[in-house]
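In mature numbering (1 follows the signal peptide of the UniProt record, and there is no 0), the protein residues as written are -19 to -1, 1 to 255.
To start, the structure itself, in structure tokens.
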């Protein structure tokens, strides 16, 4: 099929651009963040969309729009903040008890973008929504079925994933608490990568300057490429571990899963198959 310039331009547009026709009622949103004395900011994204960029000397501010299929649903959407001690919580929410979903001709969502200083810990909680973050000092993400992308994180990136997807690029160190059935990709980890449990999901780590330690892999697949330090795995179930380049490799216990490796510069210690 011949790709015309128009089709190519449409392909580059964000998904929100195609949602214009599904924004019957809209309202601008704006929020100046109260960051005085704050060390950490928690963003409760829920099922909405959030894009954040951190930078030096930046004042915290958010803007965007609320969009809904009816005036009543539009009135249920809110962007608010609450401070407790040195922590600020920012909430993107639909103030309505019960299920919160967009289906067919009934919908209500927030599309928010903003900036904040790069001196803060940024914590993101995502249900089925999407969030992107760039330039923060450190970050954490608790992801349900949504998507999170983060890049250029100065220090620790701490992540827990259910069935969603997470992409990380150029981070200090990685602490991946757990992966359920979702997918996690991280590239350019300047320190160590510590991984808890990988269930049925997939994990790909590329260009890790430190060591990689993994507690357990269930039925999922883990791919490690370009690890400068040692790779250690506690328990492998029925999943697969593929290591391409590491200082050493050690697997303590293994079920029916497989371990593939090459370009291991030091020792390789694998359990014997019975």
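Each residue gets a CB set at the ideal place from its N, CA and C atoms; glycine is no exception.
Per-residue DSSP class, three states only, for residue i
i           : result
residue 166 : strand
residue 52  : helix
residue 104 : strand
residue 254 : coil
residue 249 : strand
residue 80  : Any reading at residue 80 is ruled out, since the residue's pLDDT is 48, under 50, leaving its predicted position unreliable.
Residues bridged to residue i [DSSP beta-bridge criterion]
i           : result
residue 65  : 68
residue 187 : 168 and 206
residue 160 : 142 and 179
residue 113 : 32 and 130
residue 10  : 45
residue 39  : Residue 39 pairs with nothing; no bridge assigned.
residue 27  : 107
residue 121 : 104 and 139
residue 89  : 49
residue 94  : 32 and 44
residue 149 : 131 and 167
residue 200 : None, per the DSSP bridge assignment.
residue 60  : 73
residue 155 : 138 and 174
residue 21  : 68 and 102
CB-CB length for residue i against residue j, believed under 8 Å
i           : j           : result
residue 60  : residue 91  : 6 Å
residue 327 : residue 231 : The structure shown does not extend to residue 327, since the chain is modelled only from -19 through 255, so no value can be given for it.
residue 54  : residue 93  : Rounded, the Cβ-Cβ distance is 17 Å, inconsistent with contact.
residue 57  : residue 46  : That pair is no contact at about 15 Å.
residue 121 : residue 104 : 5 Å
residue 110 : residue 30  : 6 Å
residue 161 : residue 177 : Contact flag wrong, Cβ pair sits at about 11 Å.
residue 151 : residue 133 : 5 Å
residue 218 : residue 236 : 5 Å
residue 220 : residue 241 : Not a contact, Cβ separation roughly 12 Å.
residue 205 : residue 234 : Not a contact, Cβ separation roughly 18 Å.
residue 13  : residue 106 : Their Cβ separation, rounded to whole angstroms, is 21 Å, which puts residue 13 and residue 106 out of contact at 8 Å.
residue 102 : residue 119 : 5 Å
Minimum Cβ-Cβ distance from residue i to chain C less than 7 Å
i           : result
residue 253 : No chain C is present in this structure, which holds just one protein chain.
Going residue by residue through the region 209 to 242, where are the continuous beta strand (DSSP E) segments of at least 3 residues, counting only ones entirely within it? Whole beta strand (DSSP E) segments, 3+ residues: 211 to 217, 221 to 227 and 229 to 235.
Between the region 66 to 73 and the region 122 to 132, can you find at least three pairs of beta-carbon atoms closer than 8 Å? Cβ pair count under 8 Å is below three, so no.
Is it true that the region 206 to 213 meets the region 171 to 190, where meeting means three or more beta-carbon pairs spaced less than 8 Å apart? yes
Are the region 134 to 144 and the region 157 to 174 touching, with three or more C-beta to C-beta distances below 8 Å? yes
Report yes or no: do the region 26 to 38 and the region 114 to 122 share at least 3 C-beta pairs separated by less than 8 Å? Yes: the two stretches touch, three or more of their Cβ pairs being nearer than 8 Å.
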